[in-house]
Structure formats: C-alpha cells, structure tokens
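Q:
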Amino acid sequence: MSSLPSIATVIGSGTMGPGIAAVLARAGATVRLYDISEDAIARAEAAYGVVQGVLAAVESPSAPGGSVSFGTDLDAALVGTELIIEAVPEILELKQKVFADLEARIGDDVIIATNTSGIPISTMATSMTVPARLIGMHWSNPPHLIPMIEIIPGAATDPALVGQLTEIVKAFNYVPVLEKEIPGFVENRVLYAILRECMALLEEGIVTPEGLDACVKWGIGYKLSVIGPTRLLDMAGLDIYQAVSGYLNKDLDVSTDTPQFIKDKIAAGKLGFKSNGGMYEYGEGDVDAKRKEIITGLIAARKTLATIPNV
Numbered sequence: 013m014s015s016l017p018s019i020a021t022v023i024g025s026g027t028m029g030p031g032i033a034a035v036l037a038r039a040g041a042t043v044r045l046y047d048i049s050e051d052a053i054a055r056a057e058a059a060y061g062v063v064q065g066v067l068a069a070v071e072s073p074s075a076p077g078g079s080v081s082f083g084t085d086l087d088a089a090l091v092g093t094e095l096i097i098e099a100v101p102e103i104l105e106l107k108q109k110v111f112a113d114l115e116a117r118i119g120d121d122v123i124i125a126t127n128t129s130g131i132p133i134s135t136m137a138t139s140m141t142v143p144a145r146l147i148g149m150h151w152s153n154p155p156h157l158i159p160m161i162e163i164i165p166g167a168a169t170d171p172a173l174v175g176q177l178t179e180i181v182k183a184f185n186y187v188p189v190l191e192k193e194i195p196g197f198v199e200n201r202v203l204y205a206i207l208r209e210c211m212a213l214l215e216e217g218i219v220t221p222e223g224l225d226a227c228v229k230w231g232i233g234y235k236l237s238v239i240g241p242t243r244l245l246d247m248a249g250l251d252i253y254q255a256v257s258g259y260l261n262k263d264l265d266v267s268t269d270t271p272q273f274i275k276d277k278i279a280a281g282k283l284g285f286k287s288n289g290g291m292y293e294y295g296e297g298d299v300d301a302k303r304k305e306i307i308t309g310l311i312a313a314r315k316t317l318a319t320i321p322n323v
C-alpha cells in the first residue's frame with residue numbers, strides 16, 4: 013500500500029478514538045471508528061465535530077477524500093482495511109480478546125497497531141496467530157493536537173513493519189519516534205519521573221499545587237517545549253550537569269509506590285476533572301471552562317512551535 017492507508021479502522025471510540033480518526037481522515041484516509049457501545053459511538057460522533065474544529069484552528073492540512081464513519085458492526089468496520097489502530101482500555105486480557113476477534117476476520121497482511129501507553133507489545137502478541145503484524149503506535153493525548161507518535165516493535169514484530177508504520181506516520185505530518193520496548197515507553201517514563209518528584213514535593217509541603225504548576229510550566233515546560241533535554245545539556249554544559257547531578261540525584265525521590273496522599277484522595281472520591289475535585293476543587297462549570305482553556309492553550313502552543321525549527 014502507499015504510505016497512507018486508503019482505509020483504516022480505529023477500534024475503541026473513547027478518549028483517543030475520535031482524535032485519531034480525525035487526523036487520519038484529514039490526511040485523506042477513509043476511516044471507520046468502531047465501538048461495541050451505541051452510546052459510546054454517539055459520544056464519539058459529538059466529540060468528532062469538536063476535534064474537527066480544533067484541527068481547523070491549528071491549520072492542519074486537509075487532503076481530499078478523507079472521511080470518518082461510526083458504527084458498532086465490527087465486520088463492516090474491517091472490510092478492506094489496511095491498518096487497524098486498537099485504542100481500547102489498558103487491560104491486557106481485553107486487548108488480547110480484541111486481537112483474537114480481529115484476527116478471525118482479517119487477512120494475515122493487515123497491520124494491527126496498538127495505542128497502549130505501556131503494556132509490553134511482546135506480551136500482548138503472545139496470544140496472536142500472526143504476532144509479526146502487531147506493533148506499538150502510542151499517540152499522546154489529545155492525539156489530534158500532539159503531533160508525535162511513539163513506534164515500538166515487540167520481539168515478534170516484522171522488522172519491515174517498523175519502516176512501514178514510520179512512513180505512515182510521516183504521511184499525516186506527525187513525528188515518528190522509534191523506540192525499543194520498555195515498560196511505559198519513553199514519554200510516560202519521563203512524565204512519571206517528573207510526576208514522582210512533583211508529588212514528593214507536595215507531600216513534604218515544600219510547595220503548593222499552584223506554585224508547583226507555575227514552576228514547572230515556566231521553569232521547565234517553557235524551555236523544554238523549544239529545547240529538548242539532550243540539547244539543553246549541551247546548552248548548559250555537561251560539566252554543569254555533572255556538578256549538579258552529583259549532589260542532587262542522591263536527594264531526589266525514589267519511591268516505588270503511589271504517594272499515600274494520592275491514595276487518600278482516590279478513597280475519598282477525589283479523582284480530578286471527572287469528579288469535580290482532585291488536586292484542585294472545581295465548582296459548577298469550572299471543569300468545562302478549564303478544558304476549554306487547556307485546548308486553547310495547546311492550539312496556540314502548537315501553532316507557535318510549528319514555526320520553530322528543531323533546535
């Protein structure tokens with residue numbers, strides 16, 4: 013097939029599905045978004061309209077011929093498909109059941125790309141009849157706004173598939189990042205290392221949530237959005253890194269479990285946006301307003317970053 017599949021299927025219409033489908037369709041692919049739930053499909057159709065508006069706002073190129081259809085008929089969703097992107101919840105047994113259902117309906121040459129955020133590809137492939145066709149394709153959330161995808165082959169993945177998926181990602185103008193298999197992959201490992209230290213600082217009372225967010229946004233995020241961590245080392249000087257890391261690394265948090273204060277919040281039903289309270293409290297309408305602020309900020313950041321060459 014050409015770099016971009018003419019027909020692609022997204023399995024799972026939850027948080028990521030509509031955004032993934034919209035990106036592929038905008039690049040010219042015919043996309044079928046499938047879910048077992050009629051209610052989930054209805055929500056996905058509504059979300060898709062919002063996503064389309066966001067893609068227009070970031071001036072994402074729009075190729076002719078692309079489309080998205082929504083449905084609960086798996087066989088219909090798979091007719092003629094060349095690429096399947098699995099985006100169901102992060103439960104190993106569920107993903108393996110989905111793969112079994114798919115393999116019973118498709119030819120051996122159809123690619124199955126999993127959007128898992130950390131389950132090992134090799135583990136998922138153990139139950140498959142054609143494990144060579146499974147590959148990790150981890151989109152970052154929200155997938156229609158963050159133009160980077162981690163590509164992770166498993167032990168049984170066909171090596172040719174790595175290059176094929178890399179070209180597919182480039183065809184819709186995203187940045188492919190090839191990685192070796194490791195729990196959590198690269199993005200989440202770095203993110204959770206940051207979050208571990210942040211939670212430790214909060215638990216020790218070193219800083220408030222508001223202060224922490226400001227410090228990370230401006231002191232770290234602002235710089236790292238333009239200068240990657242390895243380039244930042246060159247800019248600062250490796251000798252400076254050695255001097256600081258020599259004493260600071262010994263003092264950084266090394267916890268291997270979730271902080272107790274987070275567990276306490278969960279036990280109290282404080283889950284974040286979904287429960288109107290987590291690290292912060294949210295009144296009537298606050299969550300919707302905050303979501304809008306975040307999307308507006310991400311749109312502005314992406315448009316600005318797109319004008320800056322890799323440095």
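Taking the numbering used here, I'd label the letters of the sequence shown as residues 13 to 323.
All C-beta atoms, glycine included, are put in the ideal place defined by N, C-alpha and C.
1. Need the endpoints of the alpha helix (DSSP H) that Thr316 sits in, please.
2. Cα-Cα, which of Glu179, Val70, Ile48 and Thr141 is closest to Arg38?
3. Just to confirm the assignment, what range does the alpha helix (DSSP H) spanning Tyr204 have?
4. Can the beta-carbon of Phe197 be found closer than 7 Å to that of Ile163?
5. Could you tell me which of Gly166, Gln64 and Ala41 sits nearest to Thr93, measuring between CA atoms?
6. Over the uninterrupted alpha helix (DSSP H) stretch that includes Phe273, give me the two end residues.
7. Restricting to Cα atoms, I'd like to know which of Pro30, Ile123, Val266 and Val43 is closest to Gly65.
8. Buried or exposed: where does Asn153 fall if 16 or more other Cβ atoms within 10 Å of its Cβ makes it buried?
9. Please classify Leu36 as buried or exposed, where buried requires at least 16 neighbouring CB atoms within 10 angstroms.
10. Look at the Cβ atom of Leu95, then the Cβ atom of Arg117, and state whether they are nearer than 7 Å.
11. Given a threshold of 16 other Cβ atoms within 10 Å of its Cβ, counted over all protein chains shown, does Thr21 qualify as buried or as exposed?
12. Using CA coordinates, which residue listed in Thr270, Ile158 and Phe184 is at the minimum distance from Ala205?
13. Measure from the alpha carbon of Val189 to the alpha carbon of each residue in Pro221, Leu203, Leu157 and His150, then state which is nearest.
14. Taking just the CA atoms, how far does Ala255 sit from Ala52?
15. State the start and end residues of the unbroken beta strand (DSSP E) segment that holds Tyr46.
A: In short, the structure shows the following:
1. Element bounds for Thr316: Asp298 to Leu317.
2. Val70
3. Segment Phe197 to Glu215, the alpha helix (DSSP H) holding Tyr204.
4. no
5. Scanning Gly166, Gln64 and Ala41 for the CA closest to the CA of Thr93 turns up Ala41.
6. Gln272 to Ala279
7. Pro30
8. exposed
9. buried
10. no
11. Result: buried.
12. Thr270
13. His150
14. 53 Å
15. Start and end: Thr42 to Tyr46.
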